[in-house]
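To start, the structure under review is shown below, and the notes come after it.
Residue numbers (this note's numbering), protein chains in the order written: chain A, 1306 to 1604; chain B, 266 to 490.
If you want it as structure tokens, here you go:
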């Protein structure tokens, strides 16, 4: 399609739109389909963006941290902790090593035991938070030294459970984008059907328009503008409702874990504004293709 | 202006027209007659490109229609006004808009064309019916409106398919007068009709050539008309 033709199809003249009779059924179908699809697209987008954030956070926060667990008889815990901290501070690649306070450890257990937990009543191991520097440390060498000098120490570098978590989050992100693609495809299919129905119902109108010298681009443009505008309006209503739904979702919180924080953040709120434009573009392409096909068949 | 050169047209295995050659010269007036089903409407459709001949060539304004793309065909139809027997209007538009349809689709400024439209509606006697919808019109009104629509772009050629088929004699004469007036303005006119009384009446007003389709071929009608 040339630039001039595209301009004619998109902007046409006000008179041109009157030559195609109003079609209630296809108008309602297009409005509803584009509105429903935009509504779903908002949630798919929210899911995708939230999963992306989660994957990035897990990947970056967990990749450079490890936990050292000291499990020892009560009278040896302090000594083994001090020895472990000494070893860690001497280990190349370790940026920081810090023993968690009793309060911090109690907070970690609070989701299971509730607040006000007295750690002295439980055989809870001492945890040491280890943060590596840019180079990183030799985990195998560190484990070897710890096993020799701090028998109660177990180093967990999070690799075992970090990788599947990040993969799961990335899969969710991909699923969100695939959903958006499928939503766009379903919307194109529904609008194609509606446009084909409108074109078939107006075969006689098309014949008259051709008889009086209307170009195919003029006839197609009259239908394309109508369906594009309907899709734009339907999508705008759909995203308004979708954003309302997202606003009603619970805000991100540590207590809620993964199930909260599915909304948008910062500039992410601008992303849904693209949905009506994409919806209108899908409607434009679908109606244009349907009209060209139909006009060729009718000749 | 429009020339059919050894044109044949077949459909569904049957040959409807064979070895048809005719030339519609600028400013000429032709009648096309013949029995029902002889191929009058088909020949008209070949003239404005609604049908493609199965053999031979149709030339319009010195160009072979076989080489026309869809846009060129649309441009051609702006130079050939067609009046169908069944008129074919857009029922959702008022009569004035139906008559102005060729202006609308060719992107003319309607504000500038409103005087022409009014003049044309007065010419065909439909000024009072400007806001009526096509289903509300009588047969004669529809035919006059179809004629007005066919000539609003001031085409070089006017083709009319049984324009008096659904109207009484008085209205037939009125329509004939309008077509003769167009011819006197220099338009080429071809009317397909099996109404011999109309053809005889026309011959007293204009120098008309009468063509007859018989046995798939086109021939000049004899003095019996």
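For every residue, glycine included, the Cβ atom is placed at its ideal position computed from N, Cα and C.
State the start and end residues of the unbroken alpha helix (DSSP H) segment that holds residue i.
i, result
"residue 1402 of chain A", "Counting along the chain, residue 1402 of chain A falls outside any alpha helix (DSSP H), though it belongs to the beta strand (DSSP E) covering 1399-1404."
"residue 1529 of chain A", "1521-1553"
"residue 1573 of chain A", "Run containing residue 1573 of chain A: none; DSSP gives neither H nor E here."
"residue 1411 of chain A", "1407-1418"
"residue 1513 of chain A", "1508-1516"
"residue 1387 of chain A", "1382-1395"
Here's the rule: buried if 16 or more other CB atoms are within 10 angstroms of the residue's CB, otherwise exposed. What is residue i?
i, result
"residue 458 of chain B", "buried"
"residue 276 of chain B", "exposed"
"residue 462 of chain B", "exposed"
"residue 1514 of chain A", "buried"
"residue 1464 of chain A", "exposed"
"residue 1483 of chain A", "exposed"
"residue 1526 of chain A", "buried"
"residue 489 of chain B", "For residue 489 of chain B, the predicted structure reports a pLDDT of 46, less than 50, and the residue's modelled location is therefore unreliable. A value from the coordinates is still provided. By the neighbour-count rule (16 or more Cβ atoms within 10 Å), residue 489 of chain B is not buried but exposed."
"residue 448 of chain B", "buried"
"residue 1601 of chain A", "exposed"
"residue 1385 of chain A", "buried"
"residue 392 of chain B", "exposed"
"residue 1330 of chain A", "exposed"
"residue 408 of chain B", "buried"
"residue 1599 of chain A", "buried"
"residue 308 of chain B", "buried"
"residue 394 of chain B", "buried"
"residue 453 of chain B", "buried"
"residue 1338 of chain A", "buried"
"residue 1363 of chain A", "buried"
"residue 318 of chain B", "buried"
Per the DSSP calculation, residue i is bridged to which residue(s)?
i, result
"residue 477 of chain B", "B/298 and B/484"
"residue 345 of chain B", "B/422"
"residue 1372 of chain A", "A/1434 and A/1461"
"residue 329 of chain B", "B/324"
Run through chain A and tell me which residues come within less than 8 Å of residue i, C-beta to C-beta.
i, result
"residue 366 of chain B", "1324, 1513, 1514 and 1517"
"residue 375 of chain B", "1320"
"residue 358 of chain B", "1323 and 1324"
"residue 474 of chain B", "Per Cβ cutoff of 8 Å: no residues; residue 474 of chain B is ~26 Å from chain A at best."
What does residue i reach in chain A if we use C-beta pairs closer than 7 Å?
i, result
"residue 371 of chain B", "1518"
"residue 331 of chain B", "Here the premise fails: no neighbours, minimum Cβ distance about 15 Å."
Which residues mark the beginning and the end of the beta strand (DSSP E) in which residue i is found?
i, result
"residue 1324 of chain A", "Looking at the DSSP string, residue 1324 of chain A is not in any beta strand (DSSP E), and its letter there is neither H nor E."
"residue 283 of chain B", "279-289"
"residue 309 of chain B", "Not the beta strand (DSSP E): residue 309 of chain B falls in the alpha helix (DSSP H), residues 305-312."
"residue 321 of chain B", "320-325"
"residue 272 of chain B", "267-276"
Please compile the residues from chain B whose C-beta is within a distance smaller than 7 Å of the C-beta of residue i.
i, result
"residue 1510 of chain A", "355"
What does residue i reach in chain A if we use C-beta pairs closer than 9 Å?
i, result
"residue 412 of chain B", "By Cβ distance, chain A contributes nothing, its closest Cβ being about 13 Å from residue 412 of chain B, past 9 Å."
"residue 471 of chain B", "Within chain A, no residue comes near residue 471 of chain B; the closest Cβ sits about 26 Å away, beyond 9 Å."
"residue 409 of chain B", "Ordered by position in chain A, no residue passes the 9 Å Cβ test against residue 409 of chain B, which lies about 16 Å from the chain."
"residue 336 of chain B", "1520, 1521 and 1522"
"residue 343 of chain B", "1517 and 1518"
"residue 389 of chain B", "Result: empty, since nearest Cβ-Cβ is about 16 Å, beyond 9 Å."
"residue 347 of chain B", "1516 and 1517"
Who are the neighbours of residue i on chain B, taking C-beta pairs under 9 Å?
i, result
"residue 1361 of chain A", "By Cβ distance, chain B contributes nothing, its closest Cβ being about 53 Å from residue 1361 of chain A, past 9 Å."
Practice problem: Could you name each continuous beta strand (DSSP E) segment of 3 residues or more that falls completely within the segment 415-465 of chain B, going from the start of the chain to the end? | Solution: 422-426 and 453-457
Self-check item: beta strand (DSSP E) runs contained entirely in the segment 1422-1477 of chain A, provided each spans 3 or more residues
Solution: 1431-1437 and 1458-1461
Quiz item: What are the start and end residues of each continuous alpha helix (DSSP H) run of 4 or more residues lying completely inside the segment 347-426 of chain B, in chain order?
Solution: 360-364, 366-370, 375-388 and 404-416
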